[in-house]
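In full-length UniProt numbering, the protein residues as written are 1 to 255. Even for Gly, the Cβ is constructed at its ideal location relative to N, Cα and C. Keep in mind the model is a prediction, meaning the values are calculated, not measured. Contents: one structure, followed by commentary.
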Amino acid sequence: SIKKTVQYIKEKIREESSAERTINLFHCLNELNDNSLVKEIQNSLRSGKHSGKKLEPDQCSALAFVLLMSEEILDEFDLKTYNTSAAGYQRLLPVTRNCKKAILNSCDLTENSCDIVASALQLSNSPLRDLDLSYNNLGDSGVKLLCAGLMNPNCELQRLDLSYNNLGDSGVKLLCAGLMSPNCKLQRLGLNSCDLTEKSCDIVASALQLSNSPLRDLDLSYNNPGDSGVKLLCAGLISPNCKLQRLGLGWCNLT
């Protein structure tokens, strides 16, 4: 019966770990004319109750569904404003498909989160222009997934903050593969406190020298490039192709 099917889908929504699949399950409920979970979330949004009460993962999926079904593009989506668990945050990430600015800092995001965000960047007519992923634990594999988004011709991202992510030189090497793509439109990049050394400076300098480099603002503060690393960066800065207008090197123990 339809009632049993609805109940089964609701149970699956509670059990499912994939944010994308839970959104699909809500589409199924919608087709079966059952919107009880969605109404519950809409009521709490109207009353403002969601801000204090901790949301369960299935409620986060309902919220994501509501926000994605809205025809209105969000100016800003700040993940931390929702009181939920790491699993709940994961369920909310598909909302990045429907916003201009996504603030996802300090939310215990990992590699799996990057996959969802990268998918949002690759959508045709993606509205996402500003992405803050600082203070997370993305790892090299997460950065690699993000690069797939940056290299996609549909991606229109202009600002990316990856500060405080312990990327290291290996992570920056992966990131620069995205920066060097002719499809990359990134103008502002934050890499504060990412454990970068002289090696990263050499890779970044190469990206700055590309004829199509759109980068205007680069923050490398709180890293360890050393004087030799800065010298390598200068090779990029003096290139006629370099369009950088601001370079942050604060607290880098330079002589």
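Answer with buried or exposed for residue i, where buried requires no fewer than 16 other C-beta atoms within 10 angstroms of its C-beta.
i: D108; result: exposed
i: C234; result: exposed
i: T22; result: buried
i: Y164; result: buried
i: P182; result: exposed
i: I73; result: exposed
i: A86; result: exposed
i: G250; result: exposed
i: S119; result: buried
i: S134; result: buried
i: Y8; result: exposed
i: D161; result: buried
i: D75; result: exposed
i: D132; result: buried
Whole angstroms is fine: what's the gap from residue i's alpha carbon to residue j's?
i: L247; j: S141; result: 27 Å
i: Q99; j: T255; result: Note that residue 99 is Cys in the sequence shown here, rather than Gln. Each residue's Cα considered, the two are about 43 Å apart.
i: K144; j: C194; result: 16 Å
i: N224; j: K80; result: 30 Å
i: E71; j: K231; result: 50 Å
i: A207; j: L123; result: 25 Å
i: E11; j: L93; result: 21 Å
i: L32; j: K39; result: 15 Å
i: L179; j: V6; result: 46 Å
i: T84; j: K4; result: 29 Å
i: N152; j: L244; result: 23 Å
i: E56; j: G236; result: 49 Å
i: V117; j: G229; result: 31 Å
i: L157; j: Q209; result: 20 Å
i: L215; j: A148; result: 18 Å
i: A177; j: L189; result: 14 Å
i: N24; j: I13; result: 10 Å
i: G226; j: A19; result: 42 Å
Looking at C-alpha atoms only, which residue of the options is the closest neighbour of residue i?
i: S239; options: K10, M69, N212; result: N212
i: N192; options: L146, V172, T5, K144; result: V172
i: N30; options: S18, I2, R97, K53; result: I2
i: F77; options: P127, L189, C252, T5; result: P127
i: N253; options: Y222, L244, L237; result: Y222
i: Q90; options: E16, A205, I9; result: E16
i: R159; options: L186, T96, L174; result: L186
i: L67; options: K53, F26, D34; result: F26
i: N137; options: S228, C147, N105; result: N105
i: L150; options: D115, C184, T110, N125; result: C184
i: F65; options: K53, Y82, L37; result: L37
i: R97; options: L189, D130, I203; result: D130
i: G88; options: K53, L121, K101, M69; result: K53
i: G139; options: D115, T110, E20, N125; result: T110
Can you name the start and end residues of the alpha helix (DSSP H) that residue i belongs to?
i: C201; result: 198-208
i: D58; result: 57-69
i: L218; result: Note, L218: premise wrong, no alpha helix (DSSP H); beta strand (DSSP E) at 217-219.
i: E11; result: 2-15
i: E31; result: 19-31
i: L93; result: Note, L93: premise wrong, no alpha helix (DSSP H); not H, not E.
i: L174; result: 168-179
i: D140; result: 139-150
For residue i and chain B, any beta-carbon pair shorter than 8 Å?
i: K80; result: Here chain B cannot be found, since the structure has a single protein chain.
Got a sec, what are the start and stop residues for the beta strand (DSSP E) residue i sits in?
i: C234; result: Element bounds for C234: not the beta strand (DSSP E) but the alpha helix (DSSP H), 226-237.
i: C252; result: No beta strand (DSSP E) holds C252; DSSP gives it neither H nor E.
i: L131; result: 130-132
i: L160; result: 159-161
i: R188; result: 188-190
i: I103; result: 99-103
i: D108; result: From DSSP, D108 is part of no beta strand (DSSP E); its letter is neither H nor E.
i: L74; result: 74-78
| Quick check: the region 195-215 against the region 159-171, are there 3 or more CB pairs under 8 Å? | Here the region 195-215 lies against the region 159-171, with 3 or more beta-carbon pairs under 8 Å apart.
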